[in-house]
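Written below as structure tokens is the structure these notes are about.
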Amino acid sequence: MSNDNFQPVLLARQNKPNSHTLASYQADGGYQALAKALKMVNTEVIDVVKASGLRGRGGAGFPTGLKWTFLPKDVKGPIYLCINGDESEPGTFNNRVLIEQDPHQVLEGIVISSFATRTTTAYFYLRYEYGRCYRVLKDAIDEMYDNNLLGKNILGSGYDLDIHLHRGACAYICGEETGLIESLEGKRAWPRIKPPFPAIEGAFRKPTVVNNVETMACIPHIINHGPEWFMSMGIPKDPNNPRDAGSYGPKLYCISGHVNKPGLVELPMGISARDLIEKHAGGVWKGRKAKAVVPGGISMGFMSESELDTPLDFAGPGRVGCLGLGTAAVIVIDDHTSMVDVLYNACRFFAHESCGQCTPCREGTAWSTKILERIRDGRGKLSDIDLLLEISSSIGTIPGTTICGLADGAAWPMKTAINKFRGEFEEYIKSGRKSESRSLAGAH
Amino acid sequence: MSELSTNAKKVIEEHLGRYPSKQAVTLPALHVVQQETGCVSRKAISEIADILELSPAQINDTLSFYGFFRTEEDPLGKKRVWICRSLPCMLRGGEELLAELCERWGIQPGQTTADGEVTLELAECLGACDGAPCMLVDDELTLRVTADDVEKQVRGNK
Ligand SMILES: Cc1cc2nc3c(=O)[nH]c(=O)nc-3n(C[C@H](O)[C@H](O)[C@H](O)COP(=O)(O)O)c2cc1C
Ligand code: SF4
Ligand code: FES
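If you read the protein sequences in the order shown, they are chains B and V. Count along the first sequence starting at 1, add 94, and that's the number in our numbering. Count along the second sequence starting at 1, add 648, and that's the number in our numbering.
Put into structure tokens, the structure is as follows:
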């Protein structure tokens, strides 16, 4: 399918009057997918989702249907579905728009997914900052209870489900799935050591699935239009790589930073960063050029200008040294910006958000920030560059020194900024100049 | 006298039915108390602990993890304004905006203006990078703000 005649799927109802109401959603065919799914056997729903190739949109890209099959088959007690609406990866705002504009699309996906996984209680973990989303969701959930779309015997099917909204408290680490579970349980959001994975032992020590909001929004469309339709969009799996699961379906790309038109764009998976910037974001602002582009939230690291033709599918960013597609949040940095300031900003974010339980992450994020503060203050040494690289290769789940992926997310901006822009760091340190940016040093 | 309001107790009671453990009501309880009183006092902590059948230390452990909650030594002003400083906002002036407000109001992030009206906070990505630089007032986002906009919205003509 060519991108030019692509019709938005997830954003199709954006900006319609009252798009957030049940009446408007149903007038556009809403909840027909649910009615259809409830007539199927739950494992058939899983099979359809599996066949669609849908991969989680929350950052890790894990195949959704496959994740659901990890739940134990013969479990007696409850199974929980946790919806991850903690969305805090810098650059990312698609969940906010999905919820504010079309909450029932997300909620329909949640009911279908709950039915598929035999969940009767779902928790929607929403970051506190999304107050408007909270109120929109609360009203939408009330409408569902009033119309037999939640509660007992949904649409006469015999299936019961409750959805509870749970507000976070401004901590990025609550987006990590086991941090989310701990936080839901009323504890500090310290990610758990895995295994056991949540599918075996998750919320309240029961089998649990954690899925992202955008992942949920895809589900009704897959049920309505079938797996082949979903697979007609995106980048097929590489036949020569048995581990490649492909990049199918429509995707929300968040575009921010130095572009003329920041915003949310929906396209089939696999558009290049260059096309996204030029054709969908009005180009780089002030007639400038891009120097570096983040492909999917700052945890993924940086692409250089010469790498902008990389397709933004699950496999593309990894081929140019980034951590992955992440949340597909594209941040554009123009050629007037110092990469020292940019990297400092990224490191400071992770130092601020590290939960502190693993020494390499806690110390590595704090020290990298301090080293960059020193460089920005004109007191850097050339050896600091290799010190930063050393930190970046020793923290994270990929070297295997930490419990969760936050530390990998801290490492990749360091690795890619230094490997791709080393000359700029050297020149900065040699010149002894100070940063012109007014950020408040030391303010944590 | 009880520190928790009738409403706070009601909200906590309502939440108890939603979770298989009482501890899970910790965040909802802290939220309702802080919203009503601008902080979570020591007495409130121990009353929440009583209802949830926990020790005050367990409530405090959770509370102190989330920089979001304030104790009675450090209560919030009437309004809480968060200015985002993460990369997309920084690229469009978020850091300067925060520094400018600190200067105008004579306070540092985390502090409250002398009249008790506004607490200024730094935020990491607020999830509104399409409208950078942005701010959150209590729990409502405003996109594309200048220092003058912020002053007008949160301080009126003061
Ligand atoms: C530090 C960290 C933060 C994360 N934040 C989020 C988040 O805000 N939202 C989200 O959906 N996933 C986040 N994830 C990924 C989740 O752990 C998990 O993979 C995801 O919610 C699963 O849903 P999905 O399969 O539908 O993508 C984060 C992961 C890490 C390591
Ligand atoms: S890697 Fe960092 S954020 Fe993750 S559990 Fe360890 S200390 Fe916490
Ligand atoms: S960086 Fe400010 S809202 Fe995302």
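Backbone N, C-alpha and C fix where the C-beta goes; we use that ideal spot for every residue, glycine too.
(message) Please classify Ile516/B as buried or exposed, where buried requires at least 16 other C-beta atoms within 10 Å of its C-beta.
(response) In the first sequence, residue 516/B corresponds to position 422, counting from 1. Here the sequence assigns Arg to residue 516/B, which means Ile is not the residue at that position. By the 10 Å Cβ count, Arg516/B comes out exposed.
(request) Mind checking who Glu360/B pairs with in its DSSP beta bridge? (result) Locating residue 360/B in the first sequence gives position 266, counting from the first residue. For Glu360/B, which the question treats as bridged, DSSP gives the partners Leu346/B.
(message) In the DSSP output, which residue or residues are listed as bridge partners for Tyr174/B?
(response) Translated into positions along the first sequence, residue 174/B becomes position 80. Partner(s): Thr215/B and Thr302/B.
(message) Between the segment 659-670 of chain V and the segment 690-702 of chain V, can you find at least three pairs of beta-carbon atoms closer than 8 Å?
(response) Enough Cβ pairs lie closer than 8 Å, so yes.
(request) Would you kindly report the start and end of the unbroken alpha helix (DSSP H) that includes Val434/B? (result) Here residue 434/B refers to the residue found at position 340 when the first sequence is read from its first residue. First-last of the alpha helix (DSSP H) with Val434/B: Met433 to Glu447.
(request) With a threshold of 16 other CB atoms inside 10 Å of the CB of Asp762/V, please say whether the residue is buried or exposed. (result) As a first step, residue 762/V is located in the second sequence; it is residue number 114 there, counting from the start. Before going on, a small fix: residue 762/V reads as Ala here, not Asp. The Cβ neighbour count for Ala762/V, taken over all protein chains shown within 10 Å, is under 16; the residue is labelled exposed.
(message) Do Val785/V and Lys727/V have their beta-carbon atoms positioned less than 7 Å apart in this structure?
(response) One-based indexing of the second sequence puts residue 727/V at position 79. One-based indexing of the second sequence puts residue 785/V at position 137. Yes, they are a contact pair.
(message) For Asp256/B, report the span of its alpha helix (DSSP H) as first-last.
(response) Counting from 1 along the first sequence, the entry for residue 256/B is found at position 162. That residue, Asp256/B, is in no alpha helix (DSSP H); its beta strand (DSSP E) goes Asp256 to Arg261.
(message) Can you check which of these residues, Lys800/V, Gly775/V, Ile707/V and Asp796/V, is closest to Leu789/V by C-alpha distance?
(response) The residue given as residue 789/V occupies position 141 in the second sequence. That would be Gly775/V, whose Cα lies nearest to the Cα of Leu789/V.
(message) As a quick exercise: from Tyr522/B, Met433/B, His352/B and Arg368/B, pick the residue whose alpha carbon is nearest that of Gly395/B.
(response) Indexing the first sequence from 1 puts residue 395/B at position 301. Nearest C-alpha to Gly395/B: Met433/B.
(message) Tell me whether the segment 263-273 of chain B and the segment 112-123 of chain B touch, counting them as touching only if at least three CB pairs, one residue from each stretch, are closer than 8 Å.
(response) The segment 263-273 of chain B is not in contact with the segment 112-123 of chain B.
(request) Please say whether Asn188/B and Leu346/B have beta carbons closer to each other than 7 Å? (result) Taking the first residue of the first sequence as position 1, residue 346/B is located at position 252. Taking the first residue of the first sequence as position 1, residue 188/B is located at position 94. A Cβ-Cβ contact shorter than 7 Å links Leu346/B with Asn188/B.
(request) With DSSP as the reference, please indicate the residues paired to Trp730/V in a beta bridge. (result) Translated into positions along the second sequence, residue 730/V becomes position 82. Bridge partners of Trp730/V: Glu769/V and Leu784/V.
(request) Along the alpha helix (DSSP H) that carries Ala121/B, what are the first and last residues, could you check? (result) Here residue 121/B refers to the residue found at position 27 of the first sequence. Annotation for Ala121/B: the continuous alpha helix (DSSP H) segment containing it runs Leu116 to Ala121.
(message) Please state whether the Cβ-Cβ distance between Thr710/V and Thr674/V is less than 7 Å.
(response) Reading the second sequence from its first residue, position 62 is the one you call residue 710/V. Reading the second sequence from its first residue, position 26 is the one you call residue 674/V. Less than 7 Å separates the beta-carbon of Thr710/V from that of Thr674/V.
(request) Spell out a yes or no on whether the segment 451-465 of chain B and the segment 371-389 of chain B are touching, meaning 3 or more CB-CB pairs, one atom from each, closer than 8 Å. (result) No contact exists between the segment 451-465 of chain B and the segment 371-389 of chain B.
(message) Given this structure, state the Cα-to-Cα distance separating Ser653/V from Asp502/B, to the nearest angstrom.
(response) Taking the second sequence and counting its residues from 1, the one referred to as residue 653/V is at position 5. Taking the first sequence and counting its residues from 1, the one referred to as residue 502/B is at position 408. Between Ser653/V and Asp502/B, the C-alpha separation is close to 44 Å.
(request) Grab the span of the beta strand (DSSP E) containing Ala423/B for me, first residue to last. (result) Start at 1 with the first residue of the first sequence, and residue 423/B comes out as number 329. Counting along the chain, the unbroken beta strand (DSSP E) around Ala423/B starts and ends at Ala423 to Asp428.
(message) If the cut-off is 8 Å on Cβ atoms, which residues from the segment 352-368 of chain B count as contacting chain V, listed in chain order?
(response) From the segment 352-368 of chain B, only His352, Pro356, Gly357 and Leu358 have a Cβ closer than 8 Å to chain V.
(message) List, in chain order, every chain B residue whose beta-carbon is nearer than 7 Å to that of Asp698/V.
(response) Position 50 of the second sequence holds residue 698/V. Think of a sphere of 7 Å around the beta carbon of Asp698/V: no beta carbon from chain B falls inside it, the nearest being about 15 Å out.
(message) Contact between the segment 293-308 of chain B and the segment 320-327 of chain B is defined here as three or more beta-carbon pairs at a separation below 8 Å; is this criterion met?
(response) Counting Cβ pairs under 8 Å, fewer than three are found: no touch.
(request) At 4 residues or longer, and completely inside the segment 650-708 of chain V: list those alpha helix (DSSP H) runs for me, N to C. (result) Fully enclosed alpha helix (DSSP H) runs of 4 or longer: 654-664, 674-685 and 690-700.
(message) Looking at ligand 1, does it come within less than 6 Å of Ser525/B, judged from the CB to the closest heavy atom?
(response) Your numbering for residue 525/B matches position 431 in the first sequence. False, no ligand heavy atom lies under 6 Å from that Cβ.
(message) By the three-class DSSP mapping on this structure, what secondary structure does Ile313/B have?
(response) Start at 1 with the first residue of the first sequence, and residue 313/B comes out as number 219. Residue state, collapsed to three classes: helix.
(message) Beta-carbon within less than 7 Å of Val200/B's beta-carbon, same chain only, minus the 5 sequence neighbours each way: which residues are those?
(response) Counting from one through the first sequence, the residue named residue 200/B turns up at place 106. Taken in chain order, the residues that qualify are Leu192, Ile193, Val307, Met310 and Ala311.
(request) Compute the beta-carbon to beta-carbon distance between Ala505/B and Ile489/B, rounded to the nearest angstrom, for a pair I have assumed lies under 8 Å. (result) On the first sequence, residue 505/B is found 411 positions in, with the first residue counted as 1. On the first sequence, residue 489/B is found 395 positions in, with the first residue counted as 1. Between Ala505/B and Ile489/B, the beta carbon gap of about 5 Å places them in contact (Cβ cut-off 8 Å).
(message) Quick check: does the Cβ of Gly296/B come within less than 6 Å of any heavy atom belonging to ligand 1?
(response) As a working note, residue 296/B is residue 202 in the first sequence. In terms of side-chain proximity, the C-beta atom of Gly296/B is found no nearer than 6 Å to any non-hydrogen atom of ligand 1.
(request) Could you run through the segment 775-800 of chain V and flag, in chain order, every residue whose CB is less than 8 Å away from some CB of chain C? (result) Included in the structure are the protein chains B and V, with no chain C among them.
(message) At the level of alpha carbons, what is the spacing between Arg740/V and Cys348/B?
(response) Reading the second sequence from its first residue, position 92 is the one you call residue 740/V. Reading the first sequence from its first residue, position 254 is the one you call residue 348/B. Approximately 16 Å, taken between the alpha carbons.
(message) Taking CB distances under 7 Å as the criterion, tell me whether Glu181/B reaches chain V.
(response) The residue given as residue 181/B occupies position 87 in the first sequence. Interface residue (Cβ-Cβ distance to chain V less than 7 Å): Glu181/B is classified as such.
(message) Beta-carbon distances below 6 Å to any heavy atom of ligand 2 define the shell here; list its residues in chain order, please.
(response) So the residues near ligand 2 by this Cβ test are Ile267/B, Pro285/B, Ser448/B, Cys449/B, Gly450/B, Gln451/B, Cys452/B, Cys455/B, Arg456/B, Thr496/B, Ile497/B, Cys498/B, Leu500/B and Ala501/B.
(request) Kindly list the residues whose CB is nearer than 6 Å to the CB of Pro102/B, restricted to its own chain and excluding five residues on each side of it in sequence; keep chain order. (result) On the first sequence, position 8 is the one that residue 102/B refers to. Cβ contact annotation for Pro102/B (same chain, cutoff 6 Å, sequence separation greater than five): Glu360, in chain order.
(request) Taking Ala386/B as part of the beta strand (DSSP E), name the residues at either end of that continuous run. (result) On the first sequence, position 292 is the one that residue 386/B refers to. Taken as a continuous stretch (DSSP letters only), the beta strand (DSSP E) holding Ala386/B covers Ala384 to Val388.
(message) Any heavy atom of ligand 3 closer than 6 Å to the beta-carbon of Leu774/V?
(response) For the purposes of this step, residue 774/V is taken as the residue at position 126 of the second sequence. Flag set: Cβ of Leu774/V near ligand 3.
(request) Would you verify that the beta carbon of Glu279/B is, or is not, closer than 7 Å to some beta carbon of chain V? (result) Along the first sequence, read from residue 1 onward, the residue named residue 279/B stands at position 185. At a cut-off of 7 Å between beta carbons, Glu279/B contacts chain V.
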